[in-house]
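Per my numbering, the very first residue in the sequence shown carries number -7; after that it's consecutive.
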Amino acid sequence: GMPVLVRSIFDALPKVGSVLLLVGLLVLFASLVSVELFVGRLHWRCALDGEDTGTPCNPAESSLGGGGSASPRACPLAAGGASSVCTFYGDSPEHGLLSFDSAWEASVPLLLTLTLDDWTRAMYLLMAAWSPWAAAFFVALGVLGGCFAVHLFIAVIFDELLRAHAKETEPSALRRRQL
């Protein structure tokens, strides 16, 4: 019944702590890797008439500008054929919530990826600002972290429930044998 369920959840807390430690180490490792790969990438965004359009750009990519010359800071053409320029902004998108400038800041979008909650926003922004290979990083983190960690957490709780159920049914089996 309910007392067995509550007792088994409290008994599973040390094991759940181990799972949380494992997830924490995964987030730390992924944060360090993501900082190495993506630091400063989301600061470069297209500007149209000096206004931030929110569209990420890669200043290293060159595209053909007017007159056939290569313009490394050109952004895709805006509506109406207006030209926008790839500009550096001091803040990251979403008021700094989508930042990979430090391991601490990178943990926010990575935790969103682990929970599979709005993780595609950061992935698509980095795909536009850096490389389509950013998708591989986010999908791997989502599968490895999101699915594996959640299943490990559920397995720990389920194992403790099975142990509690076995302890509860054991005395009744002994009584039946004695009769």
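C-beta: ideal position from N, C-alpha, C; glycine also. Quick caveat, the model's predicted, so the values are computed rather than measured.
Query, Result
"Just the Cα atoms here: how many angstroms apart are Ser63 and Leu106?", "For Ser63, the predicted model reports a pLDDT of 49, less than 50, meaning its position is unreliable and no value from the coordinates is stated."
"If we count Cβ pairs, one from each stretch, closer than 8 Å, do we get three or more for the segment 80 to 99 versus the segment 120 to 134?", "no"
"Can you grab the Cα-Cα spacing for the pair Leu140 / Phe130, in whole Å?", "This sequence places Phe at residue 140; Leu is not what is there. Between Phe140 and Phe130, the C-alpha separation is close to 14 Å."
"Buried or exposed: where does Gly134 fall if 16 or more other Cβ atoms within 10 Å of its Cβ makes it buried?", "buried"
"Specify the secondary structure class of Cys139 as computed by DSSP and reduced to three states.", "helix"
"Once DSSP output is grouped into helix, strand and coil, what is the label at Val31?", "coil"
"Decide if Glu152 is buried, meaning its Cβ has at least 16 other Cβ atoms within 10 Å, or exposed.", "buried"
"What does a CB cutoff of less than 8 Å around Pro6 pick up in its chain, not counting 5 residues either side in sequence?", "none"
"Got a sec? Which residues, its chain only, sit under 8 Å from Val27 by beta carbon, not counting five neighbours each side?", "Phe92, Asp93, Ser94, Ala95 and Ala98"
"Please report the straight-line C-alpha distance between Ala74 and Gly46, rounded to a whole angstrom.", "16 Å"
"Anyone know if the C-beta pair for Val148 and Val8 falls short of 7 Å?", "yes"
"Near Phe150, what residues of its chain come up, given a Cβ to Cβ distance below 7 Å and the 5 sequence neighbours on each side ignored?", "none"
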